[in-house]
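Participant: Quick one: structure below, then a few questions.
Residue numbers (this note's numbering), protein chains in the order written: chain A, 8 to 274; chain B, -3 to 664; chain C, 155 to 580.
Right, dumping it as structure tokens:
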């Protein structure tokens, strides 16, 4: 992917990592996109990578954070914050104190509000450009990063961004490496104190487990009685599949074509 | 002149041998410490050699007799040689016995020579090719110099006839013989196997494998746990010196007979693994150097031109597997193993290949984080969802929604705890489980399941080297099991069977576990099941490694099939020599490419018997064998065959079981 | 073309008279206007509907004529009728709106996406809630577009910003423009699609710049007296695992299907212009354009259209060509992978990748149980297979029994032909 990447001596990269949540069991883990961000940072030659997390330190979170250390790091900087506090000021202060060239993070958290706003707010505070949804960093040279942005359906767009910059990572970025138990256990969590900013607004919201969203009904706006009747009497879709035997290849293809067309997968 | 020369030669070679032995011991002592009862081991050694080792060697009658003659003759001849020629105690019967011993050894060495004339591919060549000549040199020269000692030839015949040349030639031959047999034994010739092997038997890391006067040894197949609480303890094996010293000693005992290579499914499939080469690589690593002198058949992929011999090198404290590039062994080699233990079963020196491979895998997974292909994903799933497929743990019982299986949580106790295994998520295995439930209900067994409280047994995690995940799963399972009262655990998954029965003990979980074939055989013997006669075609039976070789259960499945009225058409490789299906040890997950697939070869074995159906007793085997395209035989689990053949009890047993029968019929 | 229906009584008479020598010609001519082969239905001279039952229906696979009375067959021909219906929708004009609801549609491919229309529907809910003081929906669009249905989509005011600086991926320039909109009109609501097509990015930038806390992942809206703006919303949080109930803030990034699109009314869609020209600014992000991506390289688990090959495929070149033309991601059964025809990371099934494609086309795959498990969550499964008895056929929504190579070839020909026609039409 990066044939002509120049090794940048001491390219300082900070990856913001969060505690994720497994989609099936809800157990805490390293967040998928953040882990991809770490992997992306590791793919930069000569990068000097620091891991930064702001949040509460408890047993579950520690196991998840150690998941990042298991990707081959000695230490992770943890800014201790109580639950449901606004991590933005703490992170901004930490980044201002020792500004890296690149800040890489996932697009959104897997817990809490998960609005995906944090990188934007950080960018606004620091006055840095932000590029979202990255799939790869192709090159970093002369203070400019060439990156590939992931678009839906596997499409990519190439961008150049001036450093220092904030990059957020899409799920299309390369999968993170396995987290090894040994380094994860040995790694250090360097706990820093920082002022706490309570998130007052968030405290007033109601949180519930996500309901299944209702499937949109096909509402037939019919002008005539006949149309309304047809809509009401229309055969429900599905049921047994249609099997075409003894058809020519052309007829078969026609049927398949029709289905592909209906599903809108042909471009 | 010989009278002065012989003691010098003999004691010089003995002294050199002692120096060599000391050097060799130093090599082994590079390894980590291991708790071994040295004296007890040494005392048990002769029995281990004469009984257990020869039990394995005797599978090949000719070679067994050859070895008895050669080795027995050599040991006797060597001891007597010291007495007769070294100490000059030639009088009386000793000389005659020495003559007989060296003659026996010579006969044996002739057989060795015959074997070496056209050796099978599995045997190593190189220095091993000169071994019969060395044996002959030793035995003949001893024989010759003993002739005057017993008076068959007049004293001084050799010198007296003035033939100094003859005397010198005899001495030269004797030096060759002593060099190979005594000096070479400890300095690294082919005879090293005798020295290292004897000590390996004495200090074996699994002493419970050997028989004692009191009874048979057990199979001792469970892996040994890592101490994860000790932060200083290395996680697995990175360098040769990370092995325990008796493991290193075991590697040194290898006699390069290649029996392991001949039975290894990965080797046969063309994957880059040759157990013999692997053990020799460990020896190379222990001593330092490159594998250029390896004289056996290389890895299959080396034969294909992929990995030529001589490019890999290692040292006692250098890495075995490099993160990048080459070291002593390539990671692919370690991940090719299916942990089927065929090599361990066949090894006459009782070397523990699988332990070594898993030790090295542990390092790759726990320290490098380099489990190949789907390995990392499977381990992540095990951590996050307690099953390798990443399914919702709450959906474990969905397959049985209509069966109303009794839950342990409601019952608190039952005679039998039915362990479902991760097959509960697999649509194919659900058929087997349904069949098993039907059988249990037909036999009116008091059973219950853990339901959603069950987790993966940890088998896959452990074979993939992730000891941490294994122990986490195992400890939680043990905690769950400790809440309930049951007589024993029944499972249709030999992998769970093995782990629960043999590997949980070290973590504090001791259970009586049995495989469903064993249990069905018991139920049948107790008259609780009745079968209609078999009407199908011919049937063969595939022994799952984790049931057979790991746990010694060869008979029960065959008894069940016999009870069904099936005459099993045995495959050439069955019983303890059964060939693996390719599904064990996480091999389908790590998926190292080879020339062909292991299950295809196994289905080829099935085809040779002409069987229309192959009975199995393991979800992995079912999946692997059913995945063979254009198979000649259908794959059915024993439980399915039994469930299909169930009939109501004959009238005498009364009406009660008929109602159960009706219940059972509703299950399927 | 004029929309007034011109009738030619003579032609209609000929069309009714099957014995007339010009009957077929005229029939064809009348039919063409309806977009189909021949007209099966037309309005007679006295306003009565006339039918020609002979042209109704189609030839079925057995050579028998089939008539589909569900209306699907005839539905397509209503081009003129649809247009007429659009004309007939009541036009709603809001002269002096009480407030503005600004929507920034994605306009992917230069057209309003379904997501955009849903958002405009939501915007109308907000704007029309109080009939006494109706708001107006303002849509801000950037760059060239091909859309001509702004009025029907429910847009009262349209701000079209054009120019090289806002083309492509230009978040900074677009952000500047949106800030100018905020300064010029201070809309009461901002609605932006929470989509990967650009809305999610732009919306967050805007909210961050203006220092407002937006609601993201909004999918439901309810009137609420307690909230400042009179609305509360339900938003997805924590990677879709939580529903957050909160008052609707000024900025909302909404998910698809958050509301029904506008369908009953037409709106003015009158053009607005910004009071001031946009200031030129130096961009720190430079767009080097889209990169050609091989659909075969898309990860299987993400792909929404998979063409999967199994043991029955013989013509591998043909298969790869078909995947390329259809724009499908290639998958494979375990056997095809084992036999070395496909890479391991292309394997679909319980032992390979679990796929979530909308359409899964299985070519020459018999359907081993592990494979079927792996495609459980596919919406539509199409099987092309020789063996009518295999398990894949039972699972498939549409199965074609026949030589897969020939069917694929014919399918490729159809798709290419359709593309050609589209190109000519455009």
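Built from N, CA and C at the ideal position, the CB exists for glycine as well.
Under 7 angstroms Cβ-Cβ, which residues of chain C neighbour residue 101 (chain B)?
Facilitator: Ordered by position in chain C, no residue passes the 7 angstroms Cβ test against residue 101 (chain B), which lies about 52 angstroms from the chain.
Participant: Give me, in chain order, the residues of the same chain whose beta-carbon lies closer than 6 angstroms to that of residue 169 (chain B); leave out the 5 immediate sequence neighbours on both sides.
Facilitator: Excluding sequence neighbours, residue 169 (chain B) sits near 133 and 137.
Participant: What's the call for residue 68 (chain A), buried or exposed, on a 16-neighbour Cβ count within 10 Å?
Facilitator: Residue 68 (chain A) is buried by the Cβ-count criterion.
Participant: Can you check whether the C-beta of residue 582 (chain B) is within less than 8 angstroms of a C-beta belonging to chain C?
Facilitator: Not closer than 8 angstroms to any Cβ of chain C, the Cβ of residue 582 (chain B) fails to qualify, so no.
Participant: Cβ atoms of residue 124 (chain B) and residue 186 (chain B): under 8 angstroms apart, would you say?
Facilitator: The answer is yes: Cβ separation under 8 angstroms.
Participant: Going by DSSP, which residues form a beta bridge with residue 440 (chain C)?
Facilitator: Note: residue 440 (chain C) sits in a beta bridge opposite A:167.
Participant: When burial is assigned at 16 or more other CB atoms within 10 Å of the CB, is residue 230 (chain C) buried or exposed?
Facilitator: With a pLDDT of 40 at residue 230 (chain C), under the threshold of 50, the modelled position of this residue cannot be trusted, and the question is left open.
Participant: What is the DSSP secondary structure of residue 528 (chain B), counted as helix, strand or coil?
Facilitator: Residue state, collapsed to three classes: coil.
Participant: At which residues does the alpha helix (DSSP H) containing residue 472 (chain C) begin and terminate?
Facilitator: Per DSSP, residue 472 (chain C) belongs to the alpha helix (DSSP H) from 470 to 480.
Participant: Assuming residue 233 (chain B) and residue 316 (chain B) form a contact by the criterion Cβ under 8 angstroms, report the distance between their Cβ atoms to the nearest whole angstrom.
Facilitator: The Cβ separation is near 7 angstroms, so the contact holds.
Participant: Between the alpha carbons of residue 164 (chain C) and residue 172 (chain C), how many angstroms are there, rounded?
Facilitator: Near 14 angstroms, if we compare the C-alpha coordinates of residue 172 (chain C) and residue 164 (chain C).
Participant: Does the distance from the CB of residue 6 (chain B) to the CB of residue 81 (chain B) come in under 8 angstroms?
Facilitator: Cβ distance < 8 angstroms, so residue 6 (chain B) and residue 81 (chain B) count as in contact.
Participant: In this structure, does DSSP put residue 204 (chain C) in helix, strand or coil?
Facilitator: Residue state, collapsed to three classes: strand.
Participant: Report the three-state DSSP secondary structure of residue 362 (chain B) (helix, strand or coil).
Facilitator: In the structure shown, residue 362 (chain B) sits in a helix (DSSP, three-state: H, G or I).
Participant: Please tell me whether residue 423 (chain B) has its Cβ less than 8 angstroms away from any Cβ of chain C.
Facilitator: Yes, residue 423 (chain B) lies at the interface with chain C (some Cβ there is under 8 angstroms from its Cβ).
Participant: Rounded C-beta distance between residue 377 (chain B) and residue 371 (chain B)? I'm assuming under 8 angstroms.
Facilitator: About 11 angstroms separates the two Cβ atoms, so there is no contact after all.
Participant: If we count the other Cβ atoms within 10 Å of its Cβ and call it buried at 16 or more, is residue 60 (chain A) buried or exposed?
Facilitator: Looking at its Cβ environment, which holds 16 or more other Cβ atoms inside 10 Å, residue 60 (chain A) is buried.
Participant: With 16 as the cutoff for other CB atoms within 10 Å, does residue 417 (chain C) come out buried or exposed?
Facilitator: Flag for residue 417 (chain C) reads exposed.
Participant: Residues in the same chain with beta-carbon distance under 8 angstroms from residue 235 (chain C), minus the five sequence neighbours each way, listed in chain order, please.
Facilitator: Any answer about residue 235 (chain C) is weak, because its pLDDT of 46 lies below 50 and its placement is not dependable; what the coordinates show is given next. Excluding residues within five positions, none has a Cβ falling inside 8 angstroms.
Participant: Against residue 527 (chain C), what residues of chain B qualify as contacts under a CB-to-CB distance less than 8 angstroms, listed in chain order?
Facilitator: The contacting residues are 422 and 423.
Participant: Looking at the C-beta of residue 470 (chain C), does it have a partner C-beta in chain A at a distance below 8 angstroms?
Facilitator: Judged by the 8 angstroms Cβ criterion, residue 470 (chain C) is not in contact with chain A.
Participant: In the DSSP output, which residue or residues are listed as bridge partners for residue 722 (chain B)?
Facilitator: Past the boundaries of the shown model lies residue 722 (chain B); chain B is included only from -3 to 664, so the question cannot be answered.
Participant: Quick one: Cα of residue 151 (chain C) to Cα of residue 629 (chain B), how far?
Facilitator: One cannot answer for residue 151 (chain C) here, as it falls past the ends of chain C, which runs 155 to 580.
Participant: Give the residues of chain C in contact with residue 625 (chain B), contact being defined as C-beta atoms less than 7 angstroms apart.
Facilitator: Within chain C, the residues near residue 625 (chain B) are 465 and 489.
Participant: Going by beta carbon distance, what residues of the same chain come within less than 6 angstroms of residue 556 (chain B), once the five residues before and after it are set aside?
Facilitator: Excluding sequence neighbours, residue 556 (chain B) sits near 513, 516, 517 and 634.
Participant: For residue 299 (chain C) versus residue 268 (chain C), is the C-beta distance shorter than 8 angstroms?
Facilitator: No, they are not a contact pair.
Participant: In the DSSP assignment, find the unbroken beta strand (DSSP E) run with residue 171 (chain C) in it and report its ends.
Facilitator: Element bounds for residue 171 (chain C): n/a, residue is neither H nor E.
Participant: If you compare alpha carbons, which of C:366, C:357 and C:396 is closest to residue 212 (chain A)?
Facilitator: Taking only the C-alpha atoms, the option nearest residue 212 (chain A) is C:396.
Participant: Using a cut-off of 8 angstroms between C-beta atoms, extract the partners of residue 522 (chain C) located in chain B.
Facilitator: What residue 522 (chain C) touches in chain B: 622 and 623.
Participant: Quick check on residue 667 (chain B): buried or exposed, where buried means 16 or more other Cβ atoms within 10 Å of its Cβ?
Facilitator: The structure shown does not extend to residue 667 (chain B), since chain B is modelled only from -3 to 664, so the question has no answer here.
Participant: Per DSSP, what are the beta-bridge partners of residue 199 (chain A) in this structure?
Facilitator: DSSP, once it has assigned bridges, lists A:86 as partnering residue 199 (chain A).
Participant: Return the CA-CA distance between residue 121 (chain B) and residue 573 (chain B), expressed in angstroms with no decimal places.
Facilitator: Using only the alpha carbons, I get a separation of about 26 angstroms.
Participant: By alpha-carbon positions, which one of B:586, B:486, B:345 and B:36 ends up nearest to residue 335 (chain B)?
Facilitator: Taking only the C-alpha atoms, the option nearest residue 335 (chain B) is B:586.
Participant: Please classify residue 105 (chain A) as buried or exposed, where buried requires at least 16 neighbouring CB atoms within 10 angstroms.
Facilitator: It is exposed - the Cβ of residue 105 (chain A) has fewer than 16 other Cβ atoms within 10 Å.
Participant: Mind pulling the chain C residues with CB within less than 9 angstroms of residue 179 (chain A)?
Facilitator: Chain C residues near residue 179 (chain A): 452, 453 and 456.
Participant: Compare the Cα-Cα distances from residue 113 (chain A) to each of A:262, A:185, A:98 and A:44 and report the closest residue.
Facilitator: The shortest Cα separation from residue 113 (chain A) among A:262, A:185, A:98 and A:44 belongs to A:44.
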